[in-house]
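As you go down the protein sequences, you meet chains A and V in turn. According to our numbering, the first sequence holds residues 1 to 460 in order. According to our numbering, the second sequence holds residues 1 to 225 in order. Below is one structure, written out as structure tokens, with a few remarks after it.
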Amino acid sequence: MKLIALEGIHFGYGSHQGEILDDLNLVVNRGECHCINGPTGSGKSSLLHLLAGELCRPYEGEVYRHPSLLVGLVMQDPNVQVLRQSVGAEIAFALENLGIAAELMVEKVQQSLRRVGLYISLDTPVEVLSLGQKYRLMMAAQLVFKPSLLLLDEPWAQLDDNGVSELQAVLKTLLHEGVAVVMVEHNPSAFASLVDYLWDLENGNLTATNLTVDALALTHSEPKHSSVNIQHKATAQSACLVKIKAHQFRFLEQECLFNCPQTLSLYSGEIVALVGDNGAGKSSLLKSLAGIQANTATLPISVLGKRPQLGIYGADLGLLMQRPNRQLFEQSVLAELEFSLKRFKLPLCRAEQILQRLGLTHLAQCSPHKLSYGQQHIIALASLVCLQPKVLLLDDPFAGLDKQHIEKVVMLLEQLKAKGSAILLTSHRCASSLAVDRYWLIESAVLRDGAGQVEHFNVG
Amino acid sequence: MWAKRTATGAKKPLGTLLTATQYCAFALVLSLVLSSCAFFLPNSGLGWLLLVDGILVIHGLYLKNKITALLRVGVIQLALTLPLYYLLHGEAQLLDGAIVVLRVFLAMLPGWWLSSTQSPERLGEVLSWGLPSKWAFVIAASIGLLPYMMQETKEIYAIQCLRGASITPKALRNPKNWPELIYCVVLPVLIQLLKLSKQMAKAAKLRHFGKVNQPTHWPATREDE
Numbered sequence: 001m002k003l004i005a006l007e008g009i010h011f012g013y014g015s016h017q018g019e020i021l022d023d024l025n026l027v028v029n030r031g032e033c034h035c036i037n038g039p040t041g042s043g044k045s046s047l048l049h050l051l052a053g054e055l056c057r058p059y060e061g062e063v064y065r066h067p068s069l070l071v072g073l074v075m076q077d078p079n080v081q082v083l084r085q086s087v088g089a090e091i092a093f094a095l096e097n098l099g100i101a102a103e104l105m106v107e108k109v110q111q112s113l114r115r116v117g118l119y120i121s122l123d124t125p126v127e128v129l130s131l132g133q134k135y136r137l138m139m140a141a142q143l144v145f146k147p148s149l150l151l152l153d154e155p156w157a158q159l160d161d162n163g164v165s166e167l168q169a170v171l172k173t174l175l176h177e178g179v180a181v182v183m184v185e186h187n188p189s190a191f192a193s194l195v196d197y198l199w200d201l202e203n204g205n206l207t208a209t210n211l212t213v214d215a216l217a218l219t220h221s222e223p224k225h226s227s228v229n230i231q232h233k234a235t236a237q238s239a240c241l242v243k244i245k246a247h248q249f250r251f252l253e254q255e256c257l258f259n260c261p262q263t264l265s266l267y268s269g270e271i272v273a274l275v276g277d278n279g280a281g282k283s284s285l286l287k288s289l290a291g292i293q294a295n296t297a298t299l300p301i302s303v304l305g306k307r308p309q310l311g312i313y314g315a316d317l318g319l320l321m322q323r324p325n326r327q328l329f330e331q332s333v334l335a336e337l338e339f340s341l342k343r344f345k346l347p348l349c350r351a352e353q354i355l356q357r358l359g360l361t362h363l364a365q366c367s368p369h370k371l372s373y374g375q376q377h378i379i380a381l382a383s384l385v386c387l388q389p390k391v392l393l394l395d396d397p398f399a400g401l402d403k404q405h406i407e408k409v410v411m412l413l414e415q416l417k418a419k420g421s422a423i424l425l426t427s428h429r430c431a432s433s434l435a436v437d438r439y440w441l442i443e444s445a446v447l448r449d450g451a452g453q454v455e456h457f458n459v460g
Numbered sequence: 001m002w003a004k005r006t007a008t009g010a011k012k013p014l015g016t017l018l019t020a021t022q023y024c025a026f027a028l029v030l031s032l033v034l035s036s037c038a039f040f041l042p043n044s045g046l047g048w049l050l051l052v053d054g055i056l057v058i059h060g061l062y063l064k065n066k067i068t069a070l071l072r073v074g075v076i077q078l079a080l081t082l083p084l085y086y087l088l089h090g091e092a093q094l095l096d097g098a099i100v101v102l103r104v105f106l107a108m109l110p111g112w113w114l115s116s117t118q119s120p121e122r123l124g125e126v127l128s129w130g131l132p133s134k135w136a137f138v139i140a141a142s143i144g145l146l147p148y149m150m151q152e153t154k155e156i157y158a159i160q161c162l163r164g165a166s167i168t169p170k171a172l173r174n175p176k177n178w179p180e181l182i183y184c185v186v187l188p189v190l191i192q193l194l195k196l197s198k199q200m201a202k203a204a205k206l207r208h209f210g211k212v213n214q215p216t217h218w219p220a221t222r223e224d225e
């Protein structure tokens, strides 16, 4: 049964820009799983919003919708979809709007939570959930009203491997029940076993790709870089820049988030990946290292020989948080890059140099607010890299990036490493983008140096 | 049991006197009255108002809510207002300046107590008794958005401090650096707020907001009690 069909769709964001969707056609039938791949800024999210019937600008072309069509959409950043403060109320929002009686809500909400593998109290405040848990919460908030078409924006980037496995199981059941799924995904291989149609969105058009599911699965399992089995070699040249002594990481008046039973050190000229599931405490540890994590007891942490505190490191420490486009405020990309250079009295020429290295000189005078997600991400990172900090902390720096932008991030990090910077980055999985020297692992609420524990040292 | 749940019907948050919704309505009215009193009571009555608001503070703190941000706002107001009063009216009017700051603080305090003890959905339910349900949702969502935007503001402030912006507390003692706070923090926060409100509106619509004239309400849970 045809649920939705797009015929000859033309769509753009302004007359001076080219069309993002150009004569696009797509038919989605009941129980089908479509996966759409493509570079950032190619119009994948716009296509999802068109399917959801919530495109913010007019478009040309025909859209057929089956009368029974009910669409659920989980956006790339679940934070922007949160409307309530507690888990139960959040999921029940759609039920309220459909006029479902209050006494029937609890059972439906519990069922939805169970389907996405979230085993938490209905009273849990949404703010305490990790990004991955919020993504699953948003899934539950859609499933509760039994949509016939489920749209997912970049699930792999937001979820850890357990989350992906659970999502696969959920999607499998949904597809079996006849629900159609359309997902936008940079890493289609993660859902290879479910995908019926794999599309590439480029130049405004959908092209069916020839990759078979087997080939996809193979691509997913093989890291691009060869595995490096390394125990860290502390040489006379490499200075210890970060030292974390044994401690229990906990927020004030809360249970222990993780235990760190051994001393961990980060040396100059190395890249360490902090790997752990959603909600394991990776971001909190990173913020503690930068001295900006409130609500924790004093931790036995030393960064550049000092106890971390906001504003004491100057250009020697950089931190890239999740959603780095939040930090952009200047009128042009060049001004954005020069901002910190000016404040720390460093050579301004570094801004142009880094743009040249990235091949982005044509963006120098563009407003950073009009760039694509990937470009904004790169500019935010470049604004830190051009400071050449001794310690660079990166919170999930590959999230939501396509291959082209991941390569740029990798290039920047490898160049910085070569100059002797110590880089600590978080990720919720070992994968294939960046060869790292070591990893720290948060597993079963224990943080430890994972040298020798796994074979692959690639993250991204 | 993976999800705990106490009951689905009426709750008795104040002993056996009120349901959670009635308690919320009471809290809303009390907050409005107390906030109004902060402006309309004569100076001689402010002591009594302080006493009542003090009880609200104790209640809020007992429920593990934080008042630091509000206190900080009060201190900043005091630090800005007193010098202005001194410059414009001289030393004799300083007490008047302090009373003005106290009144503003006392007007904000019930709002803090209300938003930290009542869930936005419950407030939305109460507001929908007298307002169109869409308005009630917008007000409740705006209240619910405050903690998130506070967190966003804190994070953006920290990011920009790390990037070298002259906005540390020490740097902000110099008024020359105040515009930097606006460019680096307020502007990005406003951009985030605009984006967020647009996306939240979309998210609400996708979850059938506005489909029925009389939406139902998520029943009170243990937290509301």
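In this text, a Cβ means the ideal position worked out from N, Cα and C, and glycines have one as well. Since this is a predicted model, take the numbers as computed values, not measurements.
Alpha carbon of residue i to alpha carbon of residue j, nearest angstrom
i	j	result
T296 (chain A)	V27 (chain A)	52 angstroms
L30 (chain V)	I100 (chain A)	31 angstroms
G12 (chain A)	L274 (chain A)	40 angstroms
P219 (chain V)	V33 (chain V)	27 angstroms
L394 (chain A)	S44 (chain V)	56 angstroms
P155 (chain A)	R65 (chain A)	25 angstroms
L193 (chain V)	K154 (chain V)	14 angstroms
R343 (chain A)	K243 (chain A)	28 angstroms
M187 (chain V)	F329 (chain A)	Just to set this straight, residue 187 (chain V) is Leu in the shown sequence, not Met. Using only the alpha carbons, I get a separation of about 7 angstroms.
L48 (chain A)	L55 (chain A)	9 angstroms
Q168 (chain A)	H59 (chain V)	45 angstroms
A92 (chain A)	D200 (chain A)	35 angstroms
H89 (chain V)	C161 (chain V)	36 angstroms
R323 (chain A)	L122 (chain A)	28 angstroms
K170 (chain V)	T124 (chain A)	38 angstroms
V170 (chain A)	L137 (chain A)	13 angstroms
V195 (chain A)	N187 (chain A)	12 angstroms
L441 (chain A)	A246 (chain A)	14 angstroms
D316 (chain A)	L413 (chain A)	15 angstroms
S119 (chain V)	Q22 (chain V)	13 angstroms
G279 (chain A)	R173 (chain V)	38 angstroms
E127 (chain A)	E90 (chain A)	12 angstroms
Best match in the options for proximity to residue i [C-alpha to C-alpha]
i	options	result
C37 (chain V)	V:M200, V:L109 and V:E91	V:L109
A69 (chain V)	V:V185, V:A203, V:S116 and V:K205	V:S116
T207 (chain A)	A:G61, A:R30 and A:H34	A:H34
A239 (chain A)	A:F191, A:V391 and A:S372	A:V391
K172 (chain A)	A:S288, A:N162 and A:F191	A:F191
G144 (chain V)	A:L174, A:L104 and A:Q85	A:Q85
CB contact flag (residue i, residue j, <8 angstroms)
i	j	result
E336 (chain A)	R438 (chain A)	no
R114 (chain A)	L143 (chain A)	no
V184 (chain A)	D153 (chain A)	yes
Q158 (chain A)	L131 (chain A)	yes
A140 (chain V)	L127 (chain V)	yes
V71 (chain A)	P147 (chain A)	yes
V181 (chain A)	L51 (chain A)	no
E180 (chain V)	I167 (chain V)	yes
I26 (chain V)	F137 (chain V)	Correcting the residue type first, residue 26 (chain V) is Phe in the shown sequence and not Ile. In this structure, F137 (chain V) does not lie closer than 8 angstroms to F26 (chain V) by Cβ.
C366 (chain A)	S332 (chain A)	yes
H217 (chain V)	E121 (chain V)	yes
Residues that residue i contacts on chain V, provided the C-beta gap is smaller than 8 angstroms
i	result
R326 (chain A)	E152, E155, I156, I159, P188 and Q192
L310 (chain A)	A158, C161, L162 and T168
Chain V residues whose Cβ lies nearer than 7 angstroms to that of residue i
i	result
Q85 (chain A)	S119, P120 and G144
F93 (chain A)	R207
Cross-chain neighbours of residue i in chain A, by beta carbon under 8 angstroms
i	result
T81 (chain V)	Within 8 angstroms Cβ-Cβ: nothing; T81 (chain V) doesn't reach chain A, min ~27 angstroms.
C-beta neighbour in chain C for residue i, strict 8 angstroms
i	result
E255 (chain A)	Judged by its chain identifiers, the structure shown contains no chain C, and its protein chains are A and V.
Contact list for residue i against chain V, beta-carbon separation under 9 angstroms
i	result
A315 (chain A)	G164
Listed by chain order, chain A residues near residue i by CB distance under 7 angstroms
i	result
K202 (chain V)	E54
Amino acids of chain A, ordered along the chain, whose beta-carbon sits closer than 9 angstroms to that of residue i
i	result
L196 (chain V)	N79 and V80
Near-chain V residues of the stretch 289-302 of chain A (beta-carbon distance less than 7 angstroms), N- to C-terminal order: A290 and I292
Short-range partners of chain A found in the stretch 51-67 of chain V, where Cβ spacing is below 9 angstroms: K64
Interfacial residues, the stretch 339-372 of chain A to chain V, with Cβ spacing under 9 angstroms: F339, S340, L341, K342, R343, F344 and H369
Within 8 angstroms of chain A by C-beta, residues of the stretch 209-221 of chain V in sequence order: F209, G210, K211, V212, Q214, P215, T216, H217, W218, P219 and T221
Residues of the stretch 119-151 of chain A with Cβ closer than 8 angstroms to any Cβ of chain V, in chain order: Y119, I120, S121, L122, D123, E127, A141, Q142 and F145
Positions along the stretch 163-186 of chain V whose CB lies within less than 8 angstroms of some CB in chain A: R163, G164, A165, S166, T168, Y183 and C184
Against chain V: residues of the stretch 259-284 of chain A by CB proximity under 9 angstroms: Answer set for the stretch 259-284 of chain A: empty.
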